[in-house]
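Per the numbering used here, the sequence shown starts with residue 276, numbered consecutively.
Glycine included, each C-beta is placed from N, C-alpha and C at the ideal position.
These numbers were taken from a predicted model, which means no experiment stands behind them.
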Amino acid sequence: MARPDTPPTLTFFILLNALPAWLSLSRGERSTAWQTPDIAAALANPDRLSLRFFDAEAFSAMCSDVLMVEAADIDAHNDFMEAVRDSPVFARPYFGLVAIIPALEEGFRRYEAHTAA
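Put into C-alpha cells, the structure is as follows:
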C-alpha cells in the first residue's frame with residue numbers, strides 16, 4: 276500500500292455490455308479492436324495508466340465485460356476515456372456503457388492514517 280501522504284492510485288471499474296456490432300466481429304478482429312492509436316497513446320506509460328480486461332457474461336446479467344483502469348491521476352483516466360470515446364469501441368458502438376465505479380484500494384487505511392490521533 277502507498278503511504279497515506281502520497282496521492283492514491285485511482286481505480287475505475289468500467290462495466291460494459293457487448294453489442295451486436297462487437298459480437299459480429301471475428302475473434303481476430305476483436306483482439307485488435309482496442310488497439311487504436313489514441314488508446315495506445317493513453318496506455319503508453321504504464322506508470323500513469325494500466326488496463327485489465329475481465330469477461331463477466333458467464334456470471335452476470337448486468338454486464339458482459341469489466342475493465343479495470345488504474346490511473347495515477349484523474350487526467351490519465353480522462354485521457355483514456357476520451358480516447359475510448361473517439362474509438363469504434365463507443366463510436367461504432369461495439370459496447371454500451373453500463374456504469375463506471377471509482378474506487379480507492381484500501382481507502383479505509385488512508386482514512387485511519389489521516390484521522391489517527
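| query | Which residue spans inside the stretch 278-323 form an unbroken alpha helix (DSSP H) run of at least 4? | reply | 295-298, 302-307, 312-317
| query | Should His389 go down as buried or exposed, given a rule of 16 or more other Cβ atoms within 10 Å for buried? | reply | Working through the sequence shown from its first residue, we reach residue 389 at position 114. His389 comes out exposed.
| Using a Cβ-Cβ cut-off of 6 Å (strictly less than) and excluding sequence neighbours within five positions of Ala374, which residues of its own chain qualify? | The residue given as residue 374 occupies position 99 in the sequence shown. Result list for Ala374: Leu290, in chain order.
| field | Extent of the continuous alpha helix (DSSP H) to which Asp361 belongs | value | Within the sequence shown, the letter at position 86 stands for residue 361. That run of the alpha helix (DSSP H) goes 349-361.
| said: Using a Cβ-Cβ cutoff of less than 6 Å, which residues in the same chain neighbour Asn320 once the five nearest sequence positions on both sides are dropped? | reply: By 1-based counting over the sequence shown, the position of residue 320 is 45. Excluding positions up to five away in sequence, the list is empty.
| Can you find at least 3 beta carbon pairs, one from the stretch 287-306 and one from the stretch 379-389, that sit closer than 8 Å? | no
| message | According to DSSP, is Phe383 part of a helix, a strand, or is it coil? | response | For this step, residue 383 is matched to residue 108 along the sequence shown. Three-state result, Phe383: helix.
| Alpha carbon to alpha carbon, how far is Thr284 from Ala347? | Here residue 284 refers to the residue found at position 9 of the sequence shown. Here residue 347 refers to the residue found at position 72 of the sequence shown. Going by the C-alpha atoms only, they are around 5 Å apart.
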